[in-house]
């Protein structure tokens, strides 16, 4: 049905997936837009009949995916778990003889509601994809943004708009949220200078990696300092020590001019 | 002179220029028939159809825009690229476009997953959606709908330009009947009328 | 395709596109001879000579402008609707207001995009910003700050009246939701003060 960027994930996910209990590699739930999305992908990829979903198979496949994502954040997990219990309930109801009937006496398939929900969601999912294909302003098409007309025309000046101003600044702030929030210093910085900075700092004793980067004012400074550290490490002038995964990284000067060149930094 | 004036007005306007506005402005200089304006517009539209700049009808007005074929080169004018829209944002936007006016709970029911504030906030910030009011149910949740800017930015003449959703509507009504969604009584009425601009 | 690309680039650019800039941009997509660009430009210029929009060489670059013959009617357009502040103008003004004194390079660093002379020029013309002096760094760039007129027009008693930036960041989504209540584009607050003519 849909050929999206998730193909890789899907391939991993569906590799070796049989109607028996599947062996699944870990699948990131972030690649799905929720429980309905998971179900739809399972159904469509395996060419199941959406109006006659094999509840036992789909339930065990769904549970396997949820299981491999146990450390989900709690908020997200809620909806996934609700769907899991819905599926299990449907699965068991499918085993019972049908009893519920509508006004005309026809049996009601317990899966109907779920199917309707899946179909509705699938429509929106397709519409969303179509929407994304429309020629979008600033991505595919562009318009004029300044209006300098012939000099014969005097143009009234634009009016003030405080809300617009605040919103605009909010936007700028948000865009640079990941960057340094105070002044951006536009000075050029060389790796050579930062090598000197790092060496001098380390001459007073070992330093944590983050300590060295801490005082850096701009993204450029951070990057340059980082490059300097890499360069020093490459030349075995410093050693980089990390005792375990995710632990602090300690930098020390190599014992100068000694024969420890063979000593492998173990980060 | 008529089509010259039309060209100039559309170029000089900082938002899509509606037909009525265009006609009113043209009238100030000399009397003009609506049919003539219409004819001039469509011949201009055709005239620009295969150029680097095109005359397009978007969000209820006319605007000059660069041709989609030139997108790659025009993008280079700026260092930054517009961020890609996430699937969750697109899905939420699609639901709002077709179901408006609609609440966050209704969107969540359709998507089967929570709609985070940052998604709604992002859509509001881009001015693609707006709050139309509040729904008269407990909690008085916001009712969302699309804005003119949504049509402009996606190059749509009007909401009718969206891909046909009749199938979708049917499926959805059925679904609402069967699932007993949070606010089933009010929400069904939104499906009966066509979304308006 | 060459002249299509040229048209599109000139329409979308924030400032007059110089020949060199134009050529550099075109080159990124495919190799092109200066003489071809020159030829394309002059045939475009001729092509538009008698239309409502014209291709003009101004201030060392190329730009589309409305034809002088249409000046009257374009004037009418602008009388009925004062131009809206462009996003780039608002962002630039906001940065100057919060970061003053600041230079153009600093504004560009924050916006991640070039700030055209026409934006700074427009703000100076509106007397919302002024040159405070020069920064003592190589190139001695201008330092910009806001003017009293900025406070007047935006209905602020003093610069302290601007929400502080941390507040703005947090409030962003909430504020957006509020700002977008019923009529998002029509702001009610800034109509309370009389905008100066």
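Protein chains in written order, with this note's numbering: chain Y, 299 to 565; chain S, 10 to 206; chain V, 10 to 206.
Using N, Cα and C, we set each Cβ at its ideal position, and we do this for glycine too.
- Distances from the alpha-carbon of residue 167 of chain S to those of S:70, S:64 and S:100 put S:70 closest.
- When secondary structure is reduced to three states using DSSP, residue 87 of chain V falls in the helix class.
- Taking the beta carbon of residue 42 of chain S as reference, no residue of chain V falls within 8 Å; the closest one sits roughly 17 Å away.
- Within the segment 75-95 of chain V, those residues whose Cβ lies closer than 9 Å to any Cβ of chain S are, in chain order, 75, 76, 78, 79, 80, 81, 82, 83, 85, 86, 87, 89, 90, 92, 93 and 95.
- For residue 64 of chain V, no alpha helix (DSSP H) run applies; the uninterrupted beta strand (DSSP E) run containing it begins and ends at 62-67, by DSSP.
- For the segment 497-537 of chain Y, not one full-length beta strand (DSSP E) segment reaches 3 residues or more.
- The C-alpha of residue 537 of chain Y is placed about 59 Å away from the C-alpha of residue 387 of chain Y.
- Following the DSSP letters along the chain, one finds residue 70 of chain S inside the beta strand (DSSP E) bounded by residues 70-75.
- Annotation: residue 140 of chain S is outside any alpha helix (DSSP H); the continuous beta strand (DSSP E) that includes it extends over 138-143.
- When C-beta atoms of the segment 115-123 of chain V are compared with those of the segment 96-104 of chain V, three or more pairs fall below 8 Å, so the two segments count as touching.
- A direct Cα-Cα distance of roughly 52 Å separates residue 26 of chain S from residue 382 of chain Y.
- For residue 152 of chain S, the enclosing beta strand (DSSP E) starts and ends at 151-155.
- Annotated three-state conformation of residue 550 of chain Y is strand, per DSSP.
- Within the same chain, 152 come within 6 Å of residue 142 of chain V by CB-CB distance, once the 5 residues on both sides are set aside.
- Counting only Cβ-Cβ distances below 7 Å, residue 38 of chain V has contacts in chain S at 81 and 82, in chain order.
- Using a Cβ-Cβ cut-off of 7 Å, residue 161 of chain V does not count as an interface residue toward chain S, since no Cβ of chain S sits closer than that to its own.
- The shortest C-alpha to C-alpha distance from residue 126 of chain S to any of S:145, S:91 and S:97 is the one to S:97.
- Taken atom to atom, the span from the alpha-carbon of residue 164 of chain V to that of residue 463 of chain Y is near 12 Å.
- At a beta-carbon threshold of 9 Å, the residues of chain Y lying near residue 104 of chain V are 466, 467 and 470, ordered along the chain.
- Segment contact: the segment 73-83 of chain V against the segment 58-65 of chain V, three or more CB-CB distances shorter than 8 Å; contact assigned.
- Taken through DSSP and simplified to helix, strand or coil, residue 399 of chain Y comes out as strand.
- Residues of the segment 119-148 of chain V that bring their beta carbon within less than 8 Å of a beta carbon in chain S comprise 121, 122 and 123, in sequence order.
- Excluding its 5 nearest sequence neighbours in each direction, residue 132 of chain S has C-beta neighbours in its own chain below 7 Å: 98, 101, 102 and 138, listed in chain order.
- If you look at residue 78 of chain V, you'll find it isn't in any alpha helix (DSSP H); DSSP assigns it neither H nor E.
- Put simply, the CB of residue 458 of chain Y is far from chain S, with every gap to its CB atoms at 7 Å or more.
- Between residue 337 of chain Y and chain V, the shortest Cβ-Cβ separation is not below 7 Å.
- Membership of residue 125 of chain V in any alpha helix (DSSP H) is not indicated, and neither H nor E is assigned to it by DSSP.
- Using a Cβ distance threshold of 7 Å, residue 432 of chain Y and residue 21 of chain V do not count as a contacting pair.
- Counting C-beta atoms within 10 angstroms of its own C-beta, residue 47 of chain S has fewer than 16 neighbours from the protein chains shown and is therefore classed as exposed.
- Boundaries cannot be given for residue 94 of chain V, as no alpha helix (DSSP H) includes it and DSSP labels it neither H nor E.
- Residue range 410-431 is occupied by the alpha helix (DSSP H) that includes residue 413 of chain Y.
- Between residue 49 of chain V and the set V:77, V:13 and V:40, the nearest pair of CA atoms involves V:13.
- Of all residues in the segment 426-448 of chain Y, only 426, 428, 429, 430, 432, 433, 434, 435, 436, 437, 438, 439, 440, 441, 442, 445 and 447 place a beta-carbon less than 7 Å from a beta-carbon of chain S.
- Residue pairing by DSSP places residue 539 of chain Y opposite Y:548 in a beta bridge.
- Membership of residue 28 of chain S in the alpha helix (DSSP H) is indicated by the continuous run 28-38.
- Secondary structure within the segment 324-367 of chain Y: the alpha helix (DSSP H) runs of 4 or more consecutive residues, fully enclosed, are 333-343 and 353-365 (chain order).
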